[in-house]
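A.B. asks: My structure is below; once you've seen it, I'll send some questions.
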Amino acid sequence: MLPVQASLARTMSAFWDPLGLGQAAIDYWRDTVERSVLYLDVMRQRGNQYLEHMEQTRPSVLGFEVELLVDGRDLPRPVNYELMRIVPPEGIEIDEDRRPFVVVDPRAGHGPGIGGFKPDSEIGVALRAGHPCYFIGFLPFPVPGQTVLDVVEAEAHFLHEVIARHPQTVEKPMVVGNCQAGWQLMMAAALEPDCFGPILIAGAPLSYWAGERGKAPMRYSGGMTGGSWVTAFASDLGAGNFDGAWLVQNFEKLNPANTLWTKQYRLFANIDTEADRYLEFERWWGGHVVLAGEEIQYIVDNLFVGNRLSTAQLLTRDGRRIDLRNIRSPIVVFCSKGDDITPPPQALGWITDLYDSVEDIQANEQTIVYCVHDTTGHLGIFVSGSVSRKEHAEFTANMDYIDILPPGLYETQVTERPPSEAAPVDGDYLLEFTPRGLKDVDEIVQPLHEDERRFATVARLSEINLGLYQRYLQPWMHALMTPEAARWIRRMHPIRLGYKLLSDRNPATVPLPVMADYVRANRARAGENNPFRIAERMLSDDIVRMLDSYRDVRDRATEWAFMEIYGQPWLQILAGLGVDRGAVPSRRPGQEPEHRRFVSQRREEMRARIDQGDVHDAVMRAIIFVLGGAPSTDERNFQRLKATRAEVEPNLDLERFKALVREQFFILKLDPQAALGALPTLLEGESAETIDAQLQHIEHVVEASAPLSGRTQDRLEKVRTLFLRARQAVRDASPVTALGGETGKAEVEKAEAEAVASGKRQSGARTAQDGEASGDDTAETLAEAPPAAQPAGQAASETQRSGASEGTTNPEAAGKEPGQRTTGNRRKRTPPKRSS
């Protein structure tokens, strides 16, 4: 068009269309037609991608080159799992001496690889940190006859293989289990605890009856279908195999707005920029796999409906009990409030199912750390790039620290590092750990006794219905279904059909690529401020709200029906729960008498070892006591603990170092007074020079994060006083220094006077702050402990003076516990008369 003609057209347009709505309508019409063509072409590419992916022998979305190490089909009990080594990309250097990193992906309807399908993923983070990485994946079809326990044993075998490939590495592999792989790894770790390092379970359900009312509607599915007979029926339709597409369909039903509209509209509205991301995700989401019928039946009966894992009711084929309390590695539970598939109650409820108190956790020498994200969804926990760069990067960087955390329950939060932080901490974030109690977990889980009885009723009725199906209907299904019929049923599944119909196998799609190329070459986008584009987005929002309203009504109706049906007393009585509505319907391992006897015996064993040990025990006990003066800890403390091992205990390997930290923490937690009072006893037999050197090391480690809080300074002064007493005792016993003993005594008395004065000056300034501290906090328990017990040989007046400096008036609190005695170099302890 000539310039004059264009000017005339604009003039006439302004006359006939003064508001520009006509031109906007024309622009929007053309843009909509072009977007429709491009959208259909992307769907065609998705179908082709699906067909190509499913034709592969080992379909995976893993974004890294791999080397196959062990094929599970070659094991004594063959499975369709494989162990692979991740080949580092160009430019990334791996330190083979560092802790190996193993990622296990979920087999819950989709194919493997989601834990490492892009650089910002769990595997990508570990590779950039220099760890040798391994991946446990699986094939699309199971080995005939394989079971869940076979898979569990295979994963333990894979970890033994990883350990054998790194004989020079002392640390055990860090293992990451996403979703379904998380509970599977926990089972393996309970049976083979020696081959696991720290375990990170992300979005993994372990307590299947838990959940907050009004949320997590998927937990009602078993009850609303009458139990697990439906699972057996679906497996029979597959001639003994269960199509994973049914699981994917269940996930999609949770959010109909996203499934039916949002995901597709987002692609349509942003077709010029969204296509690559959409196709990348659909390659994994559409990679459906098949599970063995026996596998999925075991999962539904024992986990989803029976909830037997978190209550230690599962047995292996050889009679071993799968008890999660047998795990000796630190457990990191990562969940999110935005996850509607594995909400936080289902990820954390197993803790209160198994344990009666934090002391119970510590008696089992377990370290449990949990992190609750505020917003990300289920897939975002192990797929989101922002989560990988933040949470997963911090977990990976601090696994060595988590590995030596004392036994207990902790909550961790990722916070931004202060700009003025001078400590040697890499990155922009800090991983902070705060001791918690079971009441804190209960606030998240919100357990309800009456709901537990309802789910127990479902479990009993599920067994009855499954038995009836297996007796009367299953023989007919076995007679009717053939492998070929099962293949046709899988092919005709609505989700699979959606991919195939829009692919090059459909002749109607032949012109699409030509039309799409033409549109891309002559693309005319409508502006974002186009009134019709704005109206389109408003209509989309209305559709989403409508579908969300439908979902809310459906979920409320489902919950109401579940509560009403399974809350009937007569139905619970028929199910065998009895008339006592206050009785606990499921096993509580932490409340059983034999377990309480174990905890009591464990405490007595630790009490008997309070005054047994050497300088290594004394130094570690002192450092743990001093560092326990803060209500929380973060990775800066790890720098101090690393300094402890490098400077104070250079000859200890990691396993001995971990055992030393855990034992001394437990002793301090059990009896702070006696534990501190035994420090001079533990130092007996050491030279004065050694005691001075160890004290200097302690001060160096503790003061690495100066300025110290007042409570920490007080604790350091207590330790300094006890070490000076031990040194003076050595000098008093030496014939060479006996004549100059008055000088040493003067030094001790001077140090004690300074400690007392320092404590009096700082106690008033900290009164308000200390009053706000939580009484359940382990660190606070130690911080408020009475003064250390005095070793034998000290005058009674000196003991009372030390107790008075802390405001203690009880002579037994300031001195030894009744029954404890120390004579010379002998370290004896009469068993206490009172019960633990």
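Throughout the sequence shown, residue numbering follows my numbering, covering 180 to 1015 in sequence.
Ideal Cβ placement from N, Cα and C applies to all residues, glycine included.
Given the structure is predicted, the values throughout are model-derived calculations rather than measurements.
1) Rounded to whole angstroms, what's the CA-CA distance from His-232 to Met-365? Just pull it up for me.
2) Would Arg-639 pass as a contact of Ala-491 if the rule is Cβ separation under 8 Å?
3) Looking only at its chain, what residues have a beta carbon closer than 6 Å to the beta carbon of Gly-792, apart from the 5 residues adjacent to it on each side?
4) How far does the beta strand (DSSP E) with Thr-546 in it reach, from first residue to last?
5) Would you report the Cα separation of Gln-476 and Val-409, rounded to the nearest angstrom?
6) Under 8 Å by Cβ, that's how I've got Tyr-387 and Asn-709 pegged, so tell me the actual separation to the nearest angstrom.
7) Is the Cβ-Cβ distance between Val-282 and Val-355 less than 8 Å?
8) Closest to Ser-567 by C-alpha separation, out of Pro-662, Ala-801, Lys-297, Leu-482, would be which residue?
9) Taking the alpha-carbon positions, what's the Arg-767 to Gly-226 distance?
10) What is the rounded straight-line gap between the Cα of Leu-379 and the Cα of Ala-700?
11) Can you grab the Cα-Cα spacing for the pair His-557 / His-876, in whole Å?
12) Where does Cys-374 sit, in a helix, a strand or coil, going by DSSP?
13) Output yes or no for whether 8 Å exceeds the beta carbon distance between Glu-570 and Phe-513.
14) Any idea which residues DSSP pairs Gly-587 with across the strands?
15) Any heavy atom of the ligand FAD closer than 7 Å to the CB of Gln-873?
16) Taking Phe-137 as the reference, give the member of Trp-463, Pro-396, Ile-560, Thr-554 with the closest Cα.
17) Between which two residues does the beta strand (DSSP E) carrying Pro-614 extend?
18) Run through DSSP, which three-state label would Glu-865 get?
19) Quick check: Leu-503 and Ala-369, are their CB atoms within less than 8 Å of each other?
20) Applying the criterion that 16 or more other CB atoms from any shown protein chain within 10 Å of the CB defines a buried residue, is Asp-539 buried or exposed?
21) What residues match up with Ile-510 in a beta bridge as DSSP calls it?
22) Return the Cβ separation of Arg-841 and Pro-586 in integer angstroms, given the expectation that the two are a contact with Cβ distance under 8 Å.
23) Please report the residue range of the alpha helix (DSSP H) in which Asp-850 lies.
24) Alpha carbon to alpha carbon, how far is Tyr-260 from Glu-474? Give it in angstroms, no decimals.
25) Examine chain B for any beta-carbon lying closer than 8 Å to the beta-carbon of His-289, and answer yes or no.
26) Give the C-beta separation of Val-881 and Val-805 to the nearest angstrom, bearing in mind that I take them to be a contact with Cβ-Cβ under 8 Å.
27) Hey, how far is the Cα of Gln-941 from the Cα of Pro-311?
28) Is the beta carbon of Pro-522 sitting closer than 8 Å to the one on Gly-390?
29) Relative to the C-alpha of Ile-302, which candidate in Phe-317, Leu-241, Gly-856 has its C-alpha closest?
30) Taking C-alpha atoms, which residue in Ser-563, Asn-505, Gln-747, Ser-515 lies nearest to Asp-630?
31) Starting from Arg-264, follow the beta strand (DSSP E) in both directions and report where the run begins and ends.
32) Quick check on the DSSP output: the alpha helix (DSSP H) that includes Val-484 runs from which residue to which?
33) For the alpha helix (DSSP H) holding Leu-680, just list the boundary residues, first then last.
34) What are the start and end residues of each continuous beta strand (DSSP E) run of 3 or more residues lying completely inside the region 276-354, in chain order?
35) Which of helix, strand or coil does DSSP assign to Gly-199?
36) Please report the distance separating the alpha-carbon of His-628 from that of Gln-525.
C.D. replies: Looking at the atomic coordinates:
1) Looking up residue 232 in the sequence shown gives position 53. Looking up residue 365 in the sequence shown gives position 186. Between His-232 and Met-365, the C-alpha separation is close to 31 Å.
2) Locating residue 639 in the sequence shown gives position 460, where the first residue counts as 1. Locating residue 491 in the sequence shown gives position 312, where the first residue counts as 1. Not a contact, by the Cβ cut-off of 8 Å.
3) Position 613 of the sequence shown holds residue 792. The answer, listed in chain order, is Leu-861.
4) The sequence position of residue 546 within the sequence shown is 367, counting from 1. First-last of the beta strand (DSSP E) with Thr-546: 546-552.
5) In the sequence shown, counting from the first residue as 1, residue 476 sits at position 297. In the sequence shown, counting from the first residue as 1, residue 409 sits at position 230. So the two alpha carbons sit approximately 10 Å from each other.
6) Numbered from 1 along the sequence shown, position 208 holds the residue referred to as residue 387. Numbered from 1 along the sequence shown, position 530 holds the residue referred to as residue 709. That pair is no contact at about 49 Å.
7) The residue you call residue 282 lines up with position 103 of the sequence shown. The residue you call residue 355 lines up with position 176 of the sequence shown. In this structure, Val-355 lies closer than 8 Å to Val-282 by Cβ.
8) Locating residue 567 in the sequence shown gives position 388, counting from the first residue. Taking only the C-alpha atoms, the option nearest Ser-567 is Lys-297.
9) On the sequence shown, position 588 is the one that residue 767 refers to. On the sequence shown, position 47 is the one that residue 226 refers to. Whole-angstrom Cα-Cα distance: 50 Å.
10) Position 200 of the sequence shown, counted from the first residue, corresponds to residue 379. Position 521 of the sequence shown, counted from the first residue, corresponds to residue 700. In a straight line, the C-alpha of Leu-379 is about 48 Å away from that of Ala-700.
11) Counting from one through the sequence shown, the residue named residue 557 turns up at place 378. Counting from one through the sequence shown, the residue named residue 876 turns up at place 697. Going from the Cα of His-557 to the Cα of His-876 covers about 46 Å.
12) Start at 1 with the first residue of the sequence shown, and residue 374 comes out as number 195. In the structure shown, Cys-374 falls within a helical segment according to DSSP collapsed to helix, strand and coil.
13) As a working mapping, residue 570 is identified with position 391 in the sequence shown. As a working mapping, residue 513 is identified with position 334 in the sequence shown. For Glu-570 and Phe-513, yes; Cβs fall inside 8 Å.
14) Position 408 of the sequence shown, counted from the start, is the residue given in the question as residue 587. Answer by DSSP bridge pairing, in chain order: Thr-546.
15) The ligand FAD is not among the ligands present in this structure, which contains no ligands whatsoever.
16) Residue 137 is absent from the structure shown; the chain starts at 180 and stops at 1015.
17) One-based indexing of the sequence shown puts residue 614 at position 435. Its beta strand (DSSP E) spans residues 608-614.
18) Translated into positions along the sequence shown, residue 865 becomes position 686. Glu-865 falls in the coil class under three-state DSSP.
19) Counting from one through the sequence shown, the residue named residue 503 turns up at place 324. Counting from one through the sequence shown, the residue named residue 369 turns up at place 190. Closer than 8 Å, so yes.
20) Counted from its first residue, the sequence shown places residue 539 at position 360. By the 10 Å Cβ count, Asp-539 comes out buried.
21) Within the sequence shown, numbered from 1, the residue matching residue 510 stands at position 331. DSSP, once it has assigned bridges, lists Ile-378, Ile-547 as partnering Ile-510.
22) In the sequence shown, counting from the first residue as 1, residue 841 sits at position 662. In the sequence shown, counting from the first residue as 1, residue 586 sits at position 407. 6 Å between Cβ atoms; contact.
23) By 1-based counting over the sequence shown, the position of residue 850 is 671. DSSP places Asp-850 in no alpha helix (DSSP H); its state is neither H nor E.
24) The count along the sequence shown starts at 1 and reaches residue 474 at position 295. The count along the sequence shown starts at 1 and reaches residue 260 at position 81. In a straight line, the C-alpha of Glu-474 is about 14 Å away from that of Tyr-260.
25) The chain labelled as chain B is not found in the depicted structure, where only one protein chain is given.
26) If you number the sequence shown from 1, residue 881 lands on position 702. If you number the sequence shown from 1, residue 805 lands on position 626. With 8 Å as the limit, Val-881 and Val-805 qualify as a contact, their Cβ atoms being about 5 Å apart.
27) Locating residue 941 in the sequence shown gives position 762, where the first residue counts as 1. Locating residue 311 in the sequence shown gives position 132, where the first residue counts as 1. Any reading at Gln-941 must be qualified, since the residue scores a pLDDT of 43, below 50, and its modelled position is unreliable; no value is offered.
28) Along the sequence shown, one-based indexing puts residue 522 at 343. Along the sequence shown, one-based indexing puts residue 390 at 211. Yes, Cβ-Cβ distance for Pro-522 and Gly-390 is below 8 Å.
29) Locating residue 302 in the sequence shown gives position 123, counting from the first residue. Among Phe-317, Leu-241, Gly-856, the Cα nearest to that of Ile-302 belongs to Leu-241.
30) As a position in the sequence shown, residue 630 is number 451, starting the count at 1. Among Ser-563, Asn-505, Gln-747, Ser-515, the Cα nearest to that of Asp-630 is on Gln-747.
31) For the purposes of this step, residue 264 is taken as the residue at position 85 of the sequence shown. Where Arg-264 is concerned, the enclosing beta strand (DSSP E) starts and stops at 260-265.
32) Mapped onto the sequence shown, residue 484 falls at position 305. Taken as a continuous stretch (DSSP letters only), Val-484 belongs to no alpha helix (DSSP H), as it is neither H nor E.
33) For the purposes of this step, residue 680 is taken as the residue at position 501 of the sequence shown. Segment 673-680, the alpha helix (DSSP H) holding Leu-680.
34) 280-283, 312-317
35) On the sequence shown, position 20 is the one that residue 199 refers to. Three-state result, Gly-199: coil.
36) Against the sequence shown, residue 628 aligns to sequence position 449. Against the sequence shown, residue 525 aligns to sequence position 346. Using only the alpha carbons, I get a separation of about 16 Å.
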